[in-house]
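Residue numbers (my numbering), protein chains in the order written: chain A, 1 to 319; chain B, 1001 to 1319.
Have a look at the structure below, then the notes.
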């Protein structure tokens, strides 16, 4: 079997085989049926060796993560994930690596009801670009632009775990055996909050996913909505694993500035706050109120209880 | 201005600003309005430095070509191009290079009525992945799968020019001054046959674009349609520039196996052949009948007039 056939075979049936795919892999393009009354939502995320992952990463985990981080963007917009395209650049064809990568990708695509519908494989330094497409009832997509003064600020799950998981991978920290698996899982196998994102369509005024750290990412909402925010850092949800493994200062730093948690950050108007618990409880994902939206455009105020916190956010910068 | 802002500024308004883009660049994803009664068509093409282009390529031409080759796939499916996403990996930010690349991309996107609606910029070895999205009336997309025995085989424009243009760029050949500009234009600035592709929706039984050479690409139609083909190579359309610059054997080799012409290859049932000239004449693109579809599945027969031609196709192989 030639290398071209190997690549084809690995990806030919990846993910959930959906009835709305008229033409999938193997033509000039894919033909897809968007439901009537729905808008199309499209998002792109690239992962580059040396920038986003280490050369020795488990290829199965890499396939998973590529899908999850793209689907997470769709989740943040309240969209239903449907179709994935893959731009794959490989230095050479390693059957074991490619098979494991494709299996990880396929399993996770299947989990999120997504079908791989096309892509392009080229030779070059290892890099992965995924394009995820989903659909959302017309006009109902959640964006970063709808937050209003007085809205309450919420986050799903816990923050900081993935950043500590990265430090574990890099051998920069030691943690107890009972927490190790959880933290590595959170780093390698993030979960996109898909069902919760769709439930937020009738509740949230704005939403986004937290990929580069809360203290940096929130500015996207502040900029697009023309507002400010005040966060009580003592209310930021942290896992027992994080709290047990770090000093309180380190834990807070990871929760505020560590990336790759892929939790949702969203704002809720006061009038809809009462329905939040009832509407979101079926999803089994904790949501925590961490602050409010203020009128001071662009300003993020961090408090610890009643006292103001001086904090310098250092996010990831590519260039 | 920081590098992140520079990248944002370069691409913020790239291409035609379309009214069906509800949310464009700057959110977790884009929100797009697909017309009712239309299917979505999606295609992906990557261009990698060292594989698809030379480090010293004019960035403006690169921006053009990235858009054109992606739009060409949509054209081959009879789709109307609408929206583009860009996965851009850069080793560093060079303002002059990036500005020129973005201008080339934007001008060509505008020409094809496409808006850049999102993407991801990362640090790494230079590579470009574009995802083009278009729409086509439900069930009307042209594919590679519809060719039937007896159908006539057509190609648009002329073949082999881009391959000779590549040889010029590589200083492998010399041509007369009057042909030089034409051949370089065909290599650097290919034209996607968008209007013609849409006109073919009611005429062609199958279609694809020729990106890797006629003698190789046609096998995609043969495989997907379960048919064979017979081509009279003396009927393959060649430009005066190609014929004047090469021996007949070299010209034929470039026309059969040279890539990057981005012309359309399509099949037409006999019953619809009579309407071809009338329906396609407004588009100003010559179409030439070069052969017929046969019943010998997978077999490509090349004839020169009445005699059989022995020909070994060597296409581009990545791995």
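Built from N, CA and C at the ideal position, the CB exists for glycine as well.
Just so we're clear, the structure is a prediction, and the values are computed from it rather than from any experiment.
Just reading off the beta strand (DSSP E) that residue i is part of, what are its end residues?
i: residue 85(A); result: 80–90
i: residue 1038(B); result: 1038–1048
i: residue 1224(B); result: Per DSSP, residue 1224(B) belongs to no beta strand (DSSP E); it is in the alpha helix (DSSP H), 1214–1225.
i: residue 1119(B); result: 1115–1123
i: residue 1266(B); result: 1263–1268
i: residue 277(A); result: Segment 276–280 is the alpha helix (DSSP H) holding residue 277(A); no beta strand (DSSP E) there.
i: residue 290(A); result: 287–294
i: residue 1148(B); result: No beta strand (DSSP E) holds residue 1148(B); DSSP gives it neither H nor E.
i: residue 1020(B); result: It is not in any beta strand (DSSP E) - residue 1020(B) carries neither H nor E in the DSSP assignment.
i: residue 228(A); result: 228–232
i: residue 1300(B); result: 1300–1304
i: residue 135(A); result: 127–137
i: residue 1206(B); result: 1206–1210
Is there a Cβ of chain A sitting closer than 8 Å to that of residue i, yes or no?
i: residue 1074(B); result: yes
i: residue 1087(B); result: yes
i: residue 1235(B); result: no
i: residue 1131(B); result: yes
i: residue 1003(B); result: yes
i: residue 1294(B); result: no
i: residue 1122(B); result: yes
Hey, could you find the ends of the alpha helix (DSSP H) residue i is sitting in?
i: residue 194(A); result: 194–199
i: residue 1111(B); result: 1095–1111
i: residue 71(A); result: 59–76
i: residue 33(A); result: Residue 33(A) -> no alpha helix (DSSP H), and no H or E assigned at all.
i: residue 7(A); result: 3–11
i: residue 1245(B); result: 1240–1245
i: residue 162(A); result: 161–169
Determine the direct distance from the alpha carbon of residue j to that of residue i, and round the result to whole angstroms.
i: residue 168(A); j: residue 175(A); result: 8 Å
i: residue 228(A); j: residue 152(A); result: 12 Å
i: residue 1260(B); j: residue 1236(B); result: 16 Å
i: residue 1058(B); j: residue 1209(B); result: 24 Å
i: residue 291(A); j: residue 218(A); result: 12 Å
i: residue 1118(B); j: residue 1133(B); result: 12 Å
i: residue 211(A); j: residue 72(A); result: 9 Å
i: residue 1154(B); j: residue 1287(B); result: 6 Å
i: residue 1043(B); j: residue 256(A); result: 38 Å
i: residue 1191(B); j: residue 281(A); result: 54 Å
i: residue 1097(B); j: residue 1088(B); result: 13 Å
i: residue 1272(B); j: residue 1197(B); result: 16 Å
i: residue 1084(B); j: residue 243(A); result: 44 Å
i: residue 1103(B); j: residue 302(A); result: 41 Å
Quick check on residue i - is its C-beta less than 8 Å from some C-beta in chain B?
i: residue 224(A); result: yes
i: residue 155(A); result: no
i: residue 119(A); result: yes
i: residue 285(A); result: no
i: residue 282(A); result: no
i: residue 137(A); result: no
i: residue 125(A); result: yes
i: residue 268(A); result: no
i: residue 42(A); result: yes
Applying the 10 Å Cβ sphere with the 16-neighbour rule, what's the burial state of residue i?
i: residue 181(A); result: exposed
i: residue 1308(B); result: exposed
i: residue 163(A); result: buried
i: residue 1115(B); result: buried
i: residue 1270(B); result: exposed
i: residue 1178(B); result: exposed
i: residue 1247(B); result: exposed
i: residue 1299(B); result: exposed
i: residue 267(A); result: buried
i: residue 296(A); result: exposed
i: residue 1004(B); result: exposed
i: residue 1253(B); result: buried
i: residue 1012(B); result: exposed
If you measure from the CB of residue i, is any heavy atom of the ligand GDP nearer than 7 Å?
i: residue 1058(B); result: Absent from the structure shown: the ligand GDP. Ligands present: none.
Any beta carbon of chain D sitting closer than 8 Å to that of residue i?
i: residue 1071(B); result: Of the chains in the structure shown, none is chain D; the protein chains are A and B.
Members of the segment 1009–1039 of chain B that neighbour chain A once the beta carbon cut-off is set at 9 Å: 1022, 1023, 1026, 1027, 1028, 1029, 1030, 1031, 1032, 1033, 1034, 1036, 1037, 1038 and 1039
Where the segment 86–117 of chain A meets chain B: residues whose CB sits under 9 Å from a CB there: 86, 87, 88, 89, 90, 92, 93 and 117
Where the segment 1044–1068 of chain B meets chain A: residues whose CB sits under 9 Å from a CB there: Answer in chain order: 1044, 1045, 1046, 1047, 1048, 1049, 1050, 1051 and 1052.
Proximal residues, the segment 140–164 of chain A versus chain B, C-beta separation under 7 Å: 141, 143 and 144
Members of the segment 187–212 of chain A near chain B, C-beta cut-off 7 Å: 208 and 209
Members of the segment 237–266 of chain A near chain B, C-beta cut-off 9 Å: When C-beta distances to chain B are compared with 9 Å, every residue of the segment 237–266 of chain A stays at or above that value.
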